[in-house]
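Numbering (UniProt numbering), first residue to last: 1 to 92.
One structure is given below, encoded as structure tokens.
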């Protein structure tokens, strides 16, 4: 799975979630997947809490070519930025 961040959004506490918006360029992502966001400060391990598509609403999974928002846990709002790559844990 490959995903490039196009936009970053933050949901304030008590929910406290970061949403990365972008297009999946390869593979498939599913709710519950464990991913890595490759930030300028280094890799950050995250979990996929939700996947949302403007056209289809909430999804259980999304595949190559789909533009989605990935709601993540395990990352702070100040860590990701536009252009960051997201890959599976253990991937590059």
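Cβ coordinates follow ideal geometry from the N, Cα and C atoms, glycine included.
Check: Helix or strand or just coil, what does DSSP make of residue 16?; Outcome: coil
Check: Give me the DSSP bridge partner(s) of residue 47.; Outcome: 34, 73
Check: What residues are listed by DSSP as bridge partners for residue 42?; Outcome: 39
Check: Nearest by alpha-carbon distance to residue 12: which of 82, 87, 78 is it?; Outcome: 78
Check: Residues bridged to residue 55 by DSSP?; Outcome: Residue 55 pairs with nothing; no bridge assigned.
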